[in-house]
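Those protein sequence lines, which keep their order, are chains Y and D.
When the first sequence is numbered by our numbering, its final residue is 994 and no position is left out of the sequence of numbers.
When the second sequence is numbered by our numbering, its final residue is 923 and no position is left out of the sequence of numbers.
Backbone N, C-alpha and C define an ideal beta-carbon position, used for all residues, glycine too.
None of the values given here were measured: they were computed from a predicted structure.
Okay, so here's the structure we're looking at.
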Amino acid sequence: MLKFLTFISVILSIMELNGQMKSDYNPMFFSMNNEWKEITKDESIFEFTVKSLDTIYNTEIAHTVKLLSNNAGEPKLFFSDIETTVCADGECKIANIKVYWNLLGNYVGYGIYPEYPLTKFEHDEFEKEDYAKLHKLLSDDNSILKRRKMSDLIDKVPVAPSNTNLSKDMDGVSGATKREVKESVVKGGLYSCYTLWHIVHGPVKDKMKDYMLSLNTSELNRYFLYTPYKDYQLYALKQLDKTKFKTHSEQIIKIFKTTDALTKSYILKKIPSNVLSEEKITVEYYSTFPDIDINSRTLLLKKIKFANPISVNILSRYLDYLTKNQMELYLKYLESVPNHLYKKIKGELVKMSKNKNYPYSYLVIEFLKNRK
Amino acid sequence: MVVVYNKCKNKSIMKMTLSNLLLTVCTLMLFNKSIAQKEVLIEAERFIDKGGWVIDPQFVEQMGSPYLMAHGMGVPVANASTSIQFNEEGTYHVWARTKNWAPGNWDAPGQFKIIVNGKALKNTLGSTPGWSWEYAGKTRVTSTDVEIQLSDLTGFNGRCDAIYFSQSKKMPQDSDSKLDTWRKSLLSETSIPEKEQAYDLVVTGGGIAGCAAAIAAAEQGLRVALIHDRPVLGGNASEEIRVHTLGIYGKFERILKMIDTKHYPNGSFEAKYDQKKRDKNVKKFKNIDLFLNWRAYDATAKNNVITHVDAKHTASGERIRFTAPRFVDSTGDGWIGFWAGADFSYGRESATTYGEEWDEWGELWSPEEADNFVMGSSLIFQSTETNETQTFPHLLWAADIAEDHQSVNGEWYWEFSRNDLHQIHDAEEIRDHMLRAIYGSFSNAKKLDKNKNYKLEWVSYLVGKRESRRLIGDHIFTFNDVKNLTKFKDAVVEESREVDVHFQSNLKDSSVPDFLSTAIFYETEKYYIPYRSLYSKNIENLFMAGRNFSCSHIGLGGPRVMLTTGQMGAAVGIASAICKKYNVNPREVYTHHLQEYLDLIEKQR
Numbered sequence: 623m624l625k626f627l628t629f630i631s632v633i634l635s636i637m638e639l640n641g642q643m644k645s646d647y648n649p650m651f652f653s654m655n656n657e658w659k660e661i662t663k664d665e666s667i668f669e670f671t672v673k674s675l676d677t678i679y680n681t682e683i684a685h686t687v688k689l690l691s692n693n694a695g696e697p698k699l700f701f702s703d704i705e706t707t708v709c710a711d712g713e714c715k716i717a718n719i720k721v722y723w724n725l726l727g728n729y730v731g732y733g734i735y736p737e738y739p740l741t742k743f744e745h746d747e748f749e750k751e752d753y754a755k756l757h758k759l760l761s762d763d764n765s766i767l768k769r770r771k772m773s774d775l776i777d778k779v780p781v782a783p784s785n786t787n788l789s790k791d792m793d794g795v796s797g798a799t800k801r802e803v804k805e806s807v808v809k810g811g812l813y814s815c816y817t818l819w820h821i822v823h824g825p826v827k828d829k830m831k832d833y834m835l836s837l838n839t840s841e842l843n844r845y846f847l848y849t850p851y852k853d854y855q856l857y858a859l860k861q862l863d864k865t866k867f868k869t870h871s872e873q874i875i876k877i878f879k880t881t882d883a884l885t886k887s888y889i890l891k892k893i894p895s896n897v898l899s900e901e902k903i904t905v906e907y908y909s910t911f912p913d914i915d916i917n918s919r920t921l922l923l924k925k926i927k928f929a930n931p932i933s934v935n936i937l938s939r940y941l942d943y944l945t946k947n948q949m950e951l952y953l954k955y956l957e958s959v960p961n962h963l964y965k966k967i968k969g970e971l972v973k974m975s976k977n978k979n980y981p982y983s984y985l986v987i988e989f990l991k992n993r994k
Numbered sequence: 319m320v321v322v323y324n325k326c327k328n329k330s331i332m333k334m335t336l337s338n339l340l341l342t343v344c345t346l347m348l349f350n351k352s353i354a355q356k357e358v359l360i361e362a363e364r365f366i367d368k369g370g371w372v373i374d375p376q377f378v379e380q381m382g383s384p385y386l387m388a389h390g391m392g393v394p395v396a397n398a399s400t401s402i403q404f405n406e407e408g409t410y411h412v413w414a415r416t417k418n419w420a421p422g423n424w425d426a427p428g429q430f431k432i433i434v435n436g437k438a439l440k441n442t443l444g445s446t447p448g449w450s451w452e453y454a455g456k457t458r459v460t461s462t463d464v465e466i467q468l469s470d471l472t473g474f475n476g477r478c479d480a481i482y483f484s485q486s487k488k489m490p491q492d493s494d495s496k497l498d499t500w501r502k503s504l505l506s507e508t509s510i511p512e513k514e515q516a517y518d519l520v521v522t523g524g525g526i527a528g529c530a531a532a533i534a535a536a537e538q539g540l541r542v543a544l545i546h547d548r549p550v551l552g553g554n555a556s557e558e559i560r561v562h563t564l565g566i567y568g569k570f571e572r573i574l575k576m577i578d579t580k581h582y583p584n585g586s587f588e589a590k591y592d593q594k595k596r597d598k599n600v601k602k603f604k605n606i607d608l609f610l611n612w613r614a615y616d617a618t619a620k621n622n623v624i625t626h627v628d629a630k631h632t633a634s635g636e637r638i639r640f641t642a643p644r645f646v647d648s649t650g651d652g653w654i655g656f657w658a659g660a661d662f663s664y665g666r667e668s669a670t671t672y673g674e675e676w677d678e679w680g681e682l683w684s685p686e687e688a689d690n691f692v693m694g695s696s697l698i699f700q701s702t703e704t705n706e707t708q709t710f711p712h713l714l715w716a717a718d719i720a721e722d723h724q725s726v727n728g729e730w731y732w733e734f735s736r737n738d739l740h741q742i743h744d745a746e747e748i749r750d751h752m753l754r755a756i757y758g759s760f761s762n763a764k765k766l767d768k769n770k771n772y773k774l775e776w777v778s779y780l781v782g783k784r785e786s787r788r789l790i791g792d793h794i795f796t797f798n799d800v801k802n803l804t805k806f807k808d809a810v811v812e813e814s815r816e817v818d819v820h821f822q823s824n825l826k827d828s829s830v831p832d833f834l835s836t837a838i839f840y841e842t843e844k845y846y847i848p849y850r851s852l853y854s855k856n857i858e859n860l861f862m863a864g865r866n867f868s869c870s871h872i873g874l875g876g877p878r879v880m881l882t883t884g885q886m887g888a889a890v891g892i893a894s895a896i897c898k899k900y901n902v903n904p905r906e907v908y909t910h911h912l913q914e915y916l917d918l919i920e921k922q923r
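Here it is, written out as C-alpha cells:
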C-alpha cells in the first residue's frame, strides 16, 4: 500500500511539474558546437511513449519531441523535456532531464533543472562528476546497457568459478565484464542511468530519423557535408551522388584528413576514378599516407591504378610505412609501370632495400633482383 | 600407439614407433665435381623429445610445415632434443629454418640456439624477418650418432621449422616454390600416401561441428574417420583455445551435450573438464577412427566428386589417404572444399548483394562496396594472482603494438582483423600481432603496484578464428533469413541467439588499440538454417558444417557460435546416413528423401 501511495504521489508530481515548467535551451553538456544558442524557434513534432521499467506498475509515460530551429528556420536539433519515473520493484522517484539529439537522432547533450537534480538510488543527489559520467554514458550508443535487462544487472551477475583469481572480473552471461558495467554507470545511480539510456536510445531515435528524412533536401545534405560532425559528414557522403564528388572535392579531402578510419575508407571506396586521377586530387590524398590508418593506406594502394601516376612517386617516399602485404601490393603494381616512371623511384627502392630498420626490406631486395 | 612410417633412400621402408630413440633422417650423397657432399635435413616437429617446445601446425599451407615453437610466456622452455645417425663423420655447416616473428628496431623476441653433441653452435637464431634459413655455425661430427638440441633463450615464441646439416656451405633451398620439392627429395617422401583407408564418411576438422558430425553418423552405424590436427578435440571450444559454447541445442541436445562446454568465462581453466568429457565421449564410439594430430593437406575431386582426402601426421610426417563416398568439411577454413574446387566466398559482401543493410550501423554492418573487413581472430589469455612478486619484462617489440594498453586477462574482444590481412593466408601474422598485444598489455599492467603478484597463467597460441572461407551451397544463408524468420521446409538447424557481428573498434575511435573489437547485436526470435546450406553447390559429395557453411558475412554473424555449428554437424552426420542408405549424394537427400531425413532428425532429441 505504501509503495502504491509513493507511485501515485510521483505521478501527481509529474503532472504538477508539467504544468509549471517551461523548457529553456541551455544544456549542461553538449557535444556539438553552439547550435543550441542559435535556437529561436521550437515546434512540437511528435510524441513517444516509454514503458516504465517497474515490475509492479507497468505504466507508459508519453514525452514530446520538439524540433529546434534557428532564425532562418533551419532545423538544428531535436529536443525533449523528459520527466520520468525511475522505478524498481515499486520504489519510484522522478528524474527530470532535458535531452538534445542531432538531426540524425544521435544524442548530443542534456540539461537539468537546477531545482530538480538527478538522484541516486538512495536519493543522494548527483555530484558534478556524476553528471559528466551520465553524459559519457548517454554518448555511447552501443553501451553495455543496451542488451541488458535491468534484472541482469542487479545481483544476478554469475558468481565467478571457484578459481576466482583467474576470472574475478568476468561476467559469465556474455563474456562482458562486471567491471565494464560498473565503470560505465554512475555509482549508486544504476537505475537512473539504465532508465535514461533506454529512453534516449530507444525507438525515439528512429522516429527522429524518419522525421528528418521527411525534411530531406539538398540544402540539408549540403549543411551536413560542411559541418564538422562526423556522423553528419558520413551521412552526407552516403547521400552524395558520385557525379557530385568533384564539386565538393575540397570539402571531402578536408573531411578525409580529419575523420575516423571508417569514413576515410568510405571516401576512398567511393571516390570516382575520374576524380582521383586528377593530379591535384591524387597529391592531396596520397600525401596523407604517413598520417592515416593502415586500412586507409591499403585502400590507397589498391586505388593506385586509378590515381594519377604521381601517386607512385609520392608513395615511394613513404615505403617504410608499408606493411608486408602493402609492400607486396606496391611492388606488384611496379611490375606494370613504364620504365620512365620506374626509374624515378628506383633510388628510393634501393635505399629501402638497405634500410636495416625496415623489416620487409628483403621483399625489396628480391624485387630489385628480378627487375633490372 | 601411433605408428610412424619413414623411408630412407636406398634403404627399405622402416617401421618404427615414436618411442624409438632413433629418428630416421636421410643422408643423401650428392656428387658434385667428384666431391661427395653430405647433407641431412631434420624436421623439427619430428624431434623425439619436444622438451617445452610445442608443435604448431597452423600455418602449413603458408610456410610449408609444422614447426616447433617455444611458447614459454616469457620463461625459456626446456630444450627439445633428438638423436640422429649420420652416414659420415666430418665438418658440417648448420642452418635452421626460422624467422624473427616481430621484426623491428629491437632485439628479436624468439631467440634460440642449436646445440650439437652438447656444444652450442656459434650463432643465435630467430633474427631474420620472414621464414628463411639462418646460419647457425659449423660443427665437427666425430661419431655417426649425433644429438641435437634446440635451446630457447627467451621464452617468447622462438620457432624452428627444420635444421639442415651440410658439408657444403651453400645456402639451402630458400625459394618458396621449390622448397617443398627440395624437402621431399631430401626426406625421400612423396605427396602420395602409401597407406589408404576407406570409410563411409570422412570428417575433416574436429571442432564442435566435426565432432557432432562424426557422432551423429556413427550413431547411425556409419564407419567414420575424424581427422583433426590437434591432440584434443573441440577447436575453439577446446582447452587450447577456451571459448565457451553458445547458442541453443535445437534438435540435437543429446548429441551436443556430449561435446559442449559449461558457461564458464572464456579462457577459464575449467575448459579442461569439458575437454575430458568431449574426448571421452567421442572415443567411446568404436566406429569412429580418430586421427588426432593429423592435418589434411589435399583433397582430390574427379568430375566434381571427391575421391580422397590426404592427411599427414603433424609430428611424424606419416601420410594416409582417406577414401569415402562422402566427406564433411568442418575445417573452419573450408580447406577440403577449396582443394576440391568448391565454390566459396570470402570477405564482406556489398549491402546490395543480398540486401543485408541495417541503417543503424551502416558501413560497420554491411558496406556499400564489398571489402575485406571481416570479423577477426582472437587469442585469449589469463593471469593468476600469486603470493609473491612476479616480474615481467618491458618488451619493446610488444610495446610497439600494445602502446599504453594495460590488461591482466583477455576475453573475446581481443580480436584482430585488418584489410591488408587475410584470416587464412596471414593467420600467422595475425596470431603474432595478438601475442605482441598480449605481452605488451600485460607488461604495462605489471607496472601497476596492484598487479605486482600477477603472473601469466595461460596464453593461447592457437588462432581462434571467427570468419574465413564460406563454401557455397544450394542456399546461401543471409541476414534476411534471420529477419524474416524464414520457415524453410528443410530447416535442420535453429537458433535464437542474437546475430553478433564484430568490427575493429579503431575504425570508429583511433584511440583504441587495433587488437580490440566491438560487437553489434541484432536481437531475434528463433530462426532457421536450411539443410541446403550444408552441402556444396558444385562438389557433389561434400557436406560442410561449422563457420565454413554456406552463408554471407552477415549470415555468419549468428550461427557462428558453437552450439549452432554443432547442430550443423549433427545434421550432416544424420544426412550422411540417408545418403548411405540410398546411395545418393547430399542434394538428393533434399530432393528425394527429405521427409525421412527430417523424421530421423526428430528422433535425435
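So which residues of chain D does Y:THR920 contact, with C-beta pairs closer than 7 Å?
Along the first sequence, one-based indexing puts residue 920 of chain Y at 298. Neighbours of Y:THR920 across chain D, judged by C-beta separation under 7 Å: ASN737 and ASP738.
- Task: Please check if any C-beta of chain Y sits within less than 9 Å of the C-beta of D:PHE734.
- Result: Start at 1 with the first residue of the second sequence, and residue 734 of chain D comes out as number 416. The beta-carbon of D:PHE734 is placed no less than 9 Å from the nearest beta-carbon of chain Y.
*Measure the C-alpha to C-alpha separation of D:LEU825 and Y:LEU884 and round it to an integer number of angstroms.*
Indexing the second sequence from 1 puts residue 825 of chain D at position 507. Indexing the first sequence from 1 puts residue 884 of chain Y at position 262. Taking the Cα positions, D:LEU825 is about 5 Å away from Y:LEU884.
Return the residues of the stretch 404 to 429 of chain D that lie within a Cβ-Cβ distance of less than 7 Å from chain Y, sorted by chain order.
Listed by position, the residues of the stretch 404 to 429 of chain D near chain Y (Cβ gap below 7 Å) are PRO421, GLY422 and ASN423.
Nearest-angstrom Cα separation, counted from D:TYR615 out to D:ALA658: For the purposes of this step, residue 658 of chain D is taken as the residue at position 340 of the second sequence. For the purposes of this step, residue 615 of chain D is taken as the residue at position 297 of the second sequence. Using only the alpha carbons, I get a separation of about 11 Å.
- Query: Which residues bound the beta strand (DSSP E) around D:ALA543?
  - Reply: As a working mapping, residue 543 of chain D is identified with position 225 in the second sequence. Membership of D:ALA543 in the beta strand (DSSP E) is indicated by the continuous run 542 to 546.
query: At a CB-CB cut-off below 7 Å, which residues of chain Y make contact with D:PHE839?
result: Sequence index remark: in the second sequence, residue 839 of chain D carries index 521 (1-based). Per Cβ cutoff of 7 Å: ARG769.
Local Cβ density within 10 Å of D:ASN960, reported as buried at 16 or more and exposed below that: Missing from the structure shown is residue 960 of chain D; chain D here goes from 319 to 923 and no further.
Does the CB of Y:PRO1049 have a neighbour CB from chain D at under 9 Å?
Any question about residue 1049 of chain Y goes unanswered here, given that chain Y covers just 623 to 994.
Leaving out the 5 sequence neighbours to the left and right, which residues in its chain are closer than 8 Å to Y:VAL897 when beta-carbon positions are compared?
Indexing the first sequence from 1 puts residue 897 of chain Y at position 275. Closer than 8 Å at Cβ, skipping near neighbours: PHE867, LYS868, SER871 and ILE903.
Problem set entry | Contact set between Y:ILE916 and chain D, taken where Cβ atoms lie within less than 9 Å | For this step, residue 916 of chain Y is matched to residue 294 along the first sequence. Within chain D, the residues near Y:ILE916 are ARG736, ASN737, ASP738 and ASP832.
TODO: May I ask you to verify whether the stretch 385 to 402 of chain D touches the stretch 472 to 481 of chain D, counting CB pairs closer than 8 Å and requiring at least 3?
DONE: Touching, per the Cβ criterion.
C-beta atoms of Y:GLY733 and Y:PHE700 nearer than 9 Å = Position 111 of the first sequence, counted from the first residue, corresponds to residue 733 of chain Y. Position 78 of the first sequence, counted from the first residue, corresponds to residue 700 of chain Y. It is not a contact, given that the beta carbons lie outside the stated cut-off.
- Task: Within 10 angstroms of the Cβ of Y:MET949, are there 16 or more other Cβ atoms? Answer buried if so, exposed if not.
- Result: Against the first sequence, residue 949 of chain Y aligns to sequence position 327. Y:MET949 is buried by the Cβ-count criterion.
Buried or exposed: which applies to D:GLN913, given that a residue is buried once 16 or more other Cβ atoms fall within 10 Å of its Cβ?
-> Translated into the one-based positions of the second sequence, residue 913 of chain D becomes position 595. The residue is exposed, with fewer than 16 neighbouring Cβ atoms inside 10 Å.
Check each residue of the stretch 863 to 886 of chain Y: if its Cβ is closer than 7 Å to any Cβ of chain D, include it; give the result in chain order.
Taking 7 Å as the upper bound on Cβ-Cβ separation, chain D lies near residues ASP882, ALA883 and LEU884 of the stretch 863 to 886 of chain Y.
Query raised in the report: Name the DSSP beta bridge partners of D:MET862, please?
Result: Taking the first residue of the second sequence as position 1, residue 862 of chain D is located at position 544. Answer by DSSP bridge pairing, in chain order: D:ASP647.
| query | Does any C-beta atom of chain D lie closer than 9 Å to the C-beta of Y:GLN948? | reply | Numbered from its first residue, the first sequence carries residue 948 of chain Y at position 326. Cβ-Cβ to chain D under 9 Å: yes for Y:GLN948.
Within 10 angstroms of the Cβ of D:PHE393, are there 16 or more other Cβ atoms? Answer buried if so, exposed if not. By 1-based counting over the second sequence, the position of residue 393 of chain D is 75. Inspection of the sequence shows that residue 393 of chain D is occupied by Val rather than by Phe. Classification for D:VAL393: exposed.
Exercise. Listing by chain order, which chain Y residues have their CB less than 7 Å from the CB of D:GLU687?
Worked result: Working through the second sequence from its first residue, we reach residue 687 of chain D at position 369. Neighbours of D:GLU687 in chain Y, taken as residues at a C-beta separation under 7 Å, are given in chain order as LYS891.
Going by other Cβ atoms of all chains shown within 10 Å of its Cβ, with 16 needed for buried, is Y:TYR722 buried or exposed?
Position 100 of the first sequence holds residue 722 of chain Y. Buried.
Positions along the stretch 801 to 831 of chain D whose CB lies within less than 9 Å of some CB in chain Y:
Those residues of the stretch 801 to 831 of chain D that come within reach of chain Y (Cβ to Cβ, closer than 9 Å) are GLU816, PHE821, GLN822, ASN824, LEU825, LYS826, ASP827 and SER828.
Report yes if the CB atom of D:TRP656 is closer than 9 Å to the CB atom of D:LEU519, and no otherwise. As a working mapping, residue 656 of chain D is identified with position 338 in the second sequence. As a working mapping, residue 519 of chain D is identified with position 201 in the second sequence. The residue asked about is misnamed: residue 656 of chain D is Phe in this sequence, not Trp. Judged by beta-carbon spacing, D:LEU519 lies beyond the 9 Å limit of D:PHE656, meaning their Cβ atoms are not closer than that value.
For D:ILE794, three-class secondary structure by DSSP: To locate residue 794 of chain D, count along the second sequence from 1; it is residue 476. Correct three-state label for D:ILE794: coil.
Exercise. Are the stretch 649 to 669 of chain Y and the stretch 684 to 700 of chain Y in contact at 8 Å, needing three or more beta carbon pairs?
Worked result: Cβ pair count under 8 Å is three or more, so yes.
ask   = Does D:SER450 come within less than 9 Å of chain Y when only Cβ atoms are used?
value = Counting from one through the second sequence, the residue named residue 450 of chain D turns up at place 132. Yes, contact with chain Y.
Which residues, taken in chain order from the stretch 437 to 462 of chain D, show a beta carbon closer than 9 Å to some beta carbon of chain Y?
Cβ proximity to chain Y below 9 Å picks out THR446, PRO447, GLY448 and SER450 from the stretch 437 to 462 of chain D.
Give the secondary structure of D:ASN824 by DSSP, where H, G and I count as helix, E and B as strand, and everything else as coil. Position 506 of the second sequence holds residue 824 of chain D. Residue state, collapsed to three classes: helix.
| field | Beta-carbon proximity check, D:VAL600 vs D:MET576, cutoff 9 Å | value | Counting from one through the second sequence, the residue named residue 600 of chain D turns up at place 282. Counting from one through the second sequence, the residue named residue 576 of chain D turns up at place 258. Their beta carbons are under 9 Å apart, which means D:VAL600 touches D:MET576 by this criterion.
### Query
Are the beta-carbon atoms belonging to D:ILE624 and D:GLY884 less than 9 Å from one another?
If you number the second sequence from 1, residue 624 of chain D lands on position 306. If you number the second sequence from 1, residue 884 of chain D lands on position 566. Against a cut-off of 9 Å, the Cβ pair of D:GLY884 and D:ILE624 comes out as no contact.
At a Cβ cut of 8 Å, what residues of the stretch 744 to 767 of chain D count as close to chain Y, listed as they run along the chain?
Within the stretch 744 to 767 of chain D, the qualifying residues are ASP744 and GLU747.
| Quick one: what's got a C-beta closer than 6 Å to D:GLU512's C-beta in the same chain, skipping five residues either side? | One-based indexing of the second sequence puts residue 512 of chain D at position 194. Excluding positions up to five away in sequence, the list is empty.
Exercise for the section: Figure out for me which residue from D:ILE360, D:SER445 and D:LEU608 has the closest Cα to the Cα of D:LYS502. Expected result: Numbered from its first residue, the second sequence carries residue 502 of chain D at position 184. The option with the nearest alpha carbon to D:LYS502 is D:ILE360.
Using 9 Å as the limit for Cβ to Cβ distance, is Y:ASN648 near chain D?
Looking up residue 648 of chain Y in the first sequence gives position 26. Put simply, the CB of Y:ASN648 is far from chain D, with every gap to its CB atoms at 9 Å or more.
Can the beta-carbon of D:GLY553 be found less than 9 Å from the beta-carbon of D:GLY585?
Residue mapping note: residue 553 of chain D aligns to position 235 of the second sequence, counting from 1. Residue mapping note: residue 585 of chain D aligns to position 267 of the second sequence, counting from 1. At the C-beta level, D:GLY553 and D:GLY585 stay beyond 9 Å of one another.
**Prompt:** Hey, is D:GLN881's beta-carbon within less than 9 Å of any beta-carbon in chain Y?
**Reply:** The sequence position of residue 881 of chain D within the second sequence is 563, counting from 1. According to the sequence shown, residue 881 of chain D is Leu rather than Gln. Cβ-Cβ to chain Y under 9 Å: no for D:LEU881.
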